[in-house]
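Worksheet: one structure, shown below.
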Amino acid sequence: PTNTDPNDTSRRKDDEQFGRTVTITTEDMQRKKNNVKARTTLLLSLPDEHHLRFSKYKTAKELWAAILKTFSGNKATKKRKKNILKQQYGNFKAEGSETLEQTFNRLQVIVSQLQFMDVVVEKDDLNQKFLTSLAPEWMMHTIVWRNMNDLDTMSLDDLYNHLKVYKVEVQAKSNSNS
């Protein structure tokens, strides 16, 4: 399609010198801009030691495919990763003097990785897992929260935020018992 708008500056001058007219639509320009943004975001998300290896890919789609191929592994590797993550989730407990926030963040990482591997974790199961994994000083609050009716609809973030309110109280009790 030839652009007949006299105000349009999307034609490249060097192409006109050789008798070619290349018309670039606004959709083409937006597509190019989006590709540059996506490709840049992907490259910046990689550790520095991988930049050179992946910089040869010209489109975000090619780059994403290469990243997935490199870091996802084959079917056997994916299955092994999935099983390890399920095991980590099943055995999840607060560690030593870990804070509520640290326990929450560690569980979030495991759950995010499970979701990336297409493993569905039900809200109720996730909330129960979080409550039962907390350190002993949280026991009174976990008993109350484990008997709440809306754990199957409440997000883990909401549960964490509800518990965070009691952090000072739990720390004070923990310090008085030491």
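Under the UniProt record's numbering, residues 1 to 178 are what the sequence shown spells out, in order.
Built from N, CA and C at the ideal position, the CB exists for glycine as well.
Among the options, the one whose alpha carbon lies nearest that of residue i
i	options	result
Leu156	Thr103, Ala38 and Lys79	Thr103
Asn83	Ile110, Leu42 and Leu159	Ile110
Ala76	Glu49, Met117 and Leu131	Met117
Gly96	Glu137, Phe71 and Arg80	Glu137
Val119	Lys81, Lys56, Lys33 and Glu49	Lys81
Asn105	Lys32, Asn175, Asn161 and Ala172	Asn161
Alpha carbon of residue i to alpha carbon of residue j, nearest angstrom
i	j	result
Ser112	Gln30	32 Å
Ala60	Arg39	4 Å
Thr153	Glu122	9 Å
Val22	Lys58	21 Å
Ala135	Asn147	18 Å
Thr25	Val36	17 Å
Thr41	Met140	45 Å
Trp64	Glu27	22 Å
Glu93	Thr142	For clarity, residue 93 is Lys in the given sequence; the question names Glu instead. Cα-Cα distance, rounded: 14 Å.
Arg20	Lys32	21 Å
Glu49	Thr132	40 Å
Integer Cβ distance of residue i from residue j, believed to fall under 8 Å
i	j	result
Trp145	Leu159	7 Å
Leu114	Leu85	5 Å
- [ ] Go through the stretch 134–163 residue by residue and report every complete run of the beta strand (DSSP E) that reaches 3 residues or more, in order.
- [x] none
- [ ] Quick one: which unbroken beta strand (DSSP E) runs of 3-plus residues sit fully inside the stretch 21–55? Chain order, please.
- [x] none
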